[in-house]
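As given, the protein sequences belong to chains A and B, one line each in that order. Following my numbering, the numbering of the first sequence begins with 125 at its first residue and continues without gaps. Following my numbering, the numbering of the second sequence begins with 3 at its first residue and continues without gaps. Don't be surprised by glycine CBs; every beta carbon is placed ideally from N, CA and C.
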Amino acid sequence: MSKQIHLWAFLQGIGFFPTGWRHPRARPEGVFSMEYYARVAKMAEDACFDAIVFGDQLQSRGAGGRTPGRLAMPTLDPVSLLMAMAAVTERVGLVATVSTTYNTPEMLAERFAAMDRISGGRAGWNIVTTAHPDTAPNFGEAELPPKDQRYRNAVDVVAKACELWAAMDRAGPALPQGRPVLVQAGQSPEGRDFAARTAEAIFCPAANIEAGIDFRNDMRHRIAGVGGNPDGVRVMPGLSCVLGGTEEEARTNHAAILDMGDVPLAIEYLSESLCCDLTAYDPDAAIPVDDILAKTLLPPADVAKSVRPAAEKGTPLGDFAANFMRHPRGHNVFIGTGEQMAEMMIEWRDSGACDGFTLQPSYMPGGLEDFAEQVVPVLQKRGRLRTEYPGTTLRETLGLPARLKVEA
Amino acid sequence: MTRSFIVSACVTDADLAVPELARPVIAAAEAAGLDLLMLGRAGARPFDAQVLAAWAAPLTSRTAIVATVPASNAHPFHVARALSAVDFLADGRTGWSVIAEDAEPGAAADMVRAARALWDGWGADTLVIDKESGVYLNPDQVVRPNYRGPFFDTAGPVNAMRPLQGQPVLVLDEAAPIGIDDADVVLVDAPDAAAESARRLLKIAPGAEVDSAALAASFDTGEIDGVHFMLTESAAALPAAIAAIGALLADRPGTVPAITGTLRERLGLALPQTASTQAKGAFVPEYVA
Ligand SMILES: Cc1cc2nc3c(=O)[nH]c(=O)nc-3n(C[C@H](O)[C@H](O)[C@H](O)COP(=O)(O)O)c2cc1C
Numbered sequence: 125m126s127k128q129i130h131l132w133a134f135l136q137g138i139g140f141f142p143t144g145w146r147h148p149r150a151r152p153e154g155v156f157s158m159e160y161y162a163r164v165a166k167m168a169e170d171a172c173f174d175a176i177v178f179g180d181q182l183q184s185r186g187a188g189g190r191t192p193g194r195l196a197m198p199t200l201d202p203v204s205l206l207m208a209m210a211a212v213t214e215r216v217g218l219v220a221t222v223s224t225t226y227n228t229p230e231m232l233a234e235r236f237a238a239m240d241r242i243s244g245g246r247a248g249w250n251i252v253t254t255a256h257p258d259t260a261p262n263f264g265e266a267e268l269p270p271k272d273q274r275y276r277n278a279v280d281v282v283a284k285a286c287e288l289w290a291a292m293d294r295a296g297p298a299l300p301q302g303r304p305v306l307v308q309a310g311q312s313p314e315g316r317d318f319a320a321r322t323a324e325a326i327f328c329p330a331a332n333i334e335a336g337i338d339f340r341n342d343m344r345h346r347i348a349g350v351g352g353n354p355d356g357v358r359v360m361p362g363l364s365c366v367l368g369g370t371e372e373e374a375r376t377n378h379a380a381i382l383d384m385g386d387v388p389l390a391i392e393y394l395s396e397s398l399c400c401d402l403t404a405y406d407p408d409a410a411i412p413v414d415d416i417l418a419k420t421l422l423p424p425a426d427v428a429k430s431v432r433p434a435a436e437k438g439t440p441l442g443d444f445a446a447n448f449m450r451h452p453r454g455h456n457v458f459i460g461t462g463e464q465m466a467e468m469m470i471e472w473r474d475s476g477a478c479d480g481f482t483l484q485p486s487y488m489p490g491g492l493e494d495f496a497e498q499v500v501p502v503l504q505k506r507g508r509l510r511t512e513y514p515g516t517t518l519r520e521t522l523g524l525p526a527r528l529k530v531e532a
Numbered sequence: 003m004t005r006s007f008i009v010s011a012c013v014t015d016a017d018l019a020v021p022e023l024a025r026p027v028i029a030a031a032e033a034a035g036l037d038l039l040m041l042g043r044a045g046a047r048p049f050d051a052q053v054l055a056a057w058a059a060p061l062t063s064r065t066a067i068v069a070t071v072p073a074s075n076a077h078p079f080h081v082a083r084a085l086s087a088v089d090f091l092a093d094g095r096t097g098w099s100v101i102a103e104d105a106e107p108g109a110a111a112d113m114v115r116a117a118r119a120l121w122d123g124w125g126a127d128t129l130v131i132d133k134e135s136g137v138y139l140n141p142d143q144v145v146r147p148n149y150r151g152p153f154f155d156t157a158g159p160v161n162a163m164r165p166l167q168g169q170p171v172l173v174l175d176e177a178a179p180i181g182i183d184d185a186d187v188v189l190v191d192a193p194d195a196a197a198e199s200a201r202r203l204l205k206i207a208p209g210a211e212v213d214s215a216a217l218a219a220s221f222d223t224g225e226i227d228g229v230h231f232m233l234t235e236s237a238a239a240l241p242a243a244i245a246a247i248g249a250l251l252a253d254r255p256g257t258v259p260a261i262t263g264t265l266r267e268r269l270g271l272a273l274p275q276t277a278s279t280q281a282k283g284a285f286v287p288e289y290v291a
């Protein structure tokens, strides 16, 4: 049988592009409405996606204490959104991003046990350690713990949560999957090692097929190195897209999305990304590198790497911000027809660049709708995407054992 | 003025976390005309009620789900986020009941105050969502609460919107005080004239006989605003127990609470006095598919 492609819908807020909420087919008001979530959940289930994933942050968007006025926000609690979706679907998996740094193992275990039970075994946990410095004061702390400490803590938190699940499963009612599916997206050496020891599915950015192959090989190597089975882990790089009936139409559609961005939006987006409020600076003047490095809450060396090259070329702040906004987060953005996209996905899968994709729709719900209408049927016709779910639990959907044996 | 008579019940069986058992219970509550269905109670919180409340949101159109929230094993930042989401999903029909569980004295009150402060960090008219001008929200309506309490410090703003009701309806049990004296709904052990503005629901112990005439008399004198049944049946037996409540109250005194509008509106409850003293819940531009 030809290699199957796994598909996850990564939904957070109103889509991949910061400008996406202004698209005529975007429905930003929907993120506050049950009707919208029911529509999106059914769309993903009809297209046989493995799972819906909600990313999450534990701080409000903004920089330097200023709330942006042009970015789509806030994002609501992913666990609640997914559980409401559970009530109106039957098969699609439901994966919530939850932090190990700002939850106790007891909180996590209780929450995911309830999620797995009430969804009939469809719960997954995208384990994050929380990297944004604005989060700490929301939990009474001055600063985030350093990354190595966060990952050491994550190992302990996950181990303890697993013990608690085993006990809850024995006490009943049974946990349909034994425990939720564990998902991770580490990039650093610490993060990759943690993923290798823990995860059953892994997200990553991969801008091109070579990056995908390198990452997947590296992860398979690490998984084998700690005695795991590389075939028991799904590697799922992020993928966004803008489609059209012809290549040219797709390019026009992409340009239209980018053109919805104006300089004030771009500067708010850049401010957020650099953790430094730049809204009071003149967009036509030079990038205020020294101020940025003095004020940012991120490691200044990382920030310097992203701003220095443009500053040295004399790029004005507004132009830099506008360009920055055109390439969100280093993911692969496919622009073309549905047929071409399916072709690309099959090529990635067959070359060992991934086990499937974490689709990040360009705007919502239109971007997901386009993918479901223009790409899903092609993949299904080629025998690369299921037309029905193999079982009921998320583990079965991923081609893993339905239920993990719970240790006595 | 005609007052409405409020009917409430709490359920505690851990098996309600199983969807096949929970669905008939939710359906029975809707059919019986329950105004509130509380998941857990002080001293009996068998599952994560915030998860169940979210799951139940699309399954209800009248009954408001009240989630019991422990002051231990929870943080106000997470609680404020979850209940904000649930309140939108349930069209403004969300209640919460903070219980001490194993927390130290004072932690539950601190939880209530912290979550209220976080919700109040978002003004009622924050959202604009105008594609044409590119204005998504009005930043002047967002403030950082910088809440500092004896147990919880949380700066905010919380990554969640002000709830549709402004604040979900807070339900507290008089017999398990947590140090908050401005709850919206109070569960009481005996009818009693009270000055507070809360709605008072008389607790009916498991299996107790209900004297409809006495209830009507207490309601007419204003000593109570309704009843709260403490159900201890197993999940499988709950639908029948809830249907029996419905039959019993077919001729309840007063009027039946309206079935449209947010829970707060239906019960005629003002928002609690908080630092920002805003009179309204969040405005959200209409979603049109
Ligand atoms: C596709 C993808 C989605 C992610 N989603 C989230 C998220 O929702 N919340 C979060 O805090 N981190 C998220 N992350 C960040 C990762 O958890 C991780 O911190 C990041 O990839 C950097 O790796 P490191 O922690 O090893 O440095 C995501 C990463 C990727 C690649």
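>> Excluding the 5 residues flanking A/A532 on each side, which residues of the same chain have their C-beta closer than 7 Å to its C-beta?
In response: Unreliable placement is indicated for A/A532, whose pLDDT of 41 sits below 50; the coordinate value is still reported in the next sentence. There are no such residues.
> Does A/L421 get closer than 7 Å to chain B when you measure Cβ to Cβ?
Replying inline: no
> Looking at the unbroken beta strand (DSSP E) that takes in A/L528, where does it start and where does it end?
Replying inline: From DSSP, A/L528 is part of no beta strand (DSSP E); its letter is neither H nor E.
> Looking at the structure shown, is A/T199 part of a helix, part of a strand, or coil, going by DSSP?
Replying inline: coil
> Quick one: does the C-beta of B/D127 sit closer than 6 Å to a heavy atom of ligand 1?
Replying inline: Short note on B/D127: C-beta not closer than 6 Å to any heavy atom of ligand 1.
>> Strictly under 7 Å for the Cβ-Cβ distance: is B/K282 near chain A by that measure?
In response: no
>> For B/S10, report the span of its beta strand (DSSP E) as first-last.
In response: 8-13
> The alpha helix (DSSP H) with A/K271 in it runs from where to where?
Replying inline: For A/K271, the uninterrupted alpha helix (DSSP H) segment begins and ends at 271-295.
> Taking a cut of 9 Å between CB atoms, which residues from the region 394-405 of chain A lie near chain B?
Replying inline: none
> Which residues, taken in chain order from the region 301-315 of chain A, show a beta carbon closer than 8 Å to some beta carbon of chain B?
Replying inline: none
>> To test your reading of the DSSP string, which unbroken beta strand (DSSP E) runs of 3 or more residues are found completely within the region 202-252 of chain A?
In response: As far as the region 202-252 of chain A is concerned, its whole beta strand (DSSP E) runs of at least 3 residues are 217-223, 247-252.
> Under 8 Å Cβ-Cβ, which residues of chain D neighbour A/P452?
Replying inline: The chain inventory of the structure shown lacks chain D, comprising the protein chains A and B.
> Start and end of the beta strand (DSSP E) containing B/S99?
Replying inline: 96-101
> Hey, is A/S184's beta-carbon within less than 7 Å of any beta-carbon in chain B?
Replying inline: yes
>> B/A162 and B/R83 - do their beta-carbons sit closer together than 7 Å?
In response: yes
> With 16 other CB atoms within 10 Å as the buried threshold, where does B/I261 fall?
Replying inline: exposed
>> What residue range does the alpha helix (DSSP H) around A/V500 cover?
In response: Taken as a continuous stretch (DSSP letters only), the alpha helix (DSSP H) holding A/V500 covers 500-505.
>> Does any residue of chain B have a CB that is nearer than 7 Å to the CB of A/P440?
In response: Between A/P440 and chain B, the shortest Cβ-Cβ separation is not below 7 Å.
> Whose Cβ in chain B lies nearer than 9 Å to the Cβ of A/L205?
Replying inline: A56, A87, L91
> Taking just the CA atoms, how far does A/G352 sit from B/D15?
Replying inline: In a straight line, the C-alpha of B/D15 is about 39 Å away from that of A/G352.
> Mapping DSSP to helix, strand and coil, what is A/M449?
Replying inline: helix
>> Rounded to the nearest angstrom, what separates B/L41 and B/D227 at their Cα positions?
In response: In a straight line, the C-alpha of B/L41 is about 21 Å away from that of B/D227.
>> Please determine whether the Cβ atom of A/D180 lies at a distance below 6 Å from any heavy atom of ligand 1.
In response: yes
> Using a threshold of 6 Å, is the CB atom of A/G362 nearer than that to any non-hydrogen atom of ligand 1?
Replying inline: yes
> Since A/G244 meets chain B, which of its residues come closer than 7 Å, beta carbon to beta carbon?
Replying inline: Within chain B, the residues near A/G244 are P21.
> Going straight from the alpha carbon of A/P138 to that of B/E106, what length do you get?
Replying inline: A small correction: the amino acid at residue 138 of chain A is Ile; Pro does not occupy that position in the sequence shown. For A/I138 and B/E106, the gap between their C-alpha atoms comes out near 40 Å.
>> At the 7 Å Cβ level, is B/Y149 part of the contact set with chain A, yes or no?
In response: Chain A, which has no Cβ nearer than 7 Å to the Cβ of B/Y149, makes this no.
> Looking at the C-beta of B/V53, does it have a partner C-beta in chain A at a distance below 7 Å?
Replying inline: yes
> Name the chain A residues that come within less than 8 Å of B/M163, Cβ to Cβ?
Replying inline: F156, P198, L200
>> Under 8 Å, with one C-beta from each stretch per pair, do the region 369-376 of chain A and the region 234-244 of chain A reach the 3-pair mark?
In response: no
> Buried or exposed: where does B/N148 fall if 16 or more other Cβ atoms within 10 Å of its Cβ makes it buried?
Replying inline: exposed
>> Closer than 8 Å between beta carbons: that is the criterion. Which residues of the region 218-237 of chain A meet it against chain B?
In response: Y226, N227, T228, E230, M231, E234, R235, A237
>> Checking 7 Å against the spacing of the C-beta atoms, do B/V171 and B/D186 come in under that value?
In response: yes
> Do you know whose CA, among A/G462, A/Y160, A/T191, A/P361, lies nearest A/F339's CA?
Replying inline: A check of alpha carbon separations from A/F339 across A/G462, A/Y160, A/T191, A/P361 identifies A/P361 as the nearest.
> Given that a residue counts as buried once 16 or more other Cβ atoms are within 10 Å of its Cβ, and exposed if not, what is B/K1?
Replying inline: In the structure as shown, chain B begins at 3 and stops at 291. Residue 1 of chain B is therefore absent and cannot be evaluated.
>> Tell me the rounded alpha-carbon separation between B/E198 and B/D191.
In response: Approximately 16 Å, taken between the alpha carbons.
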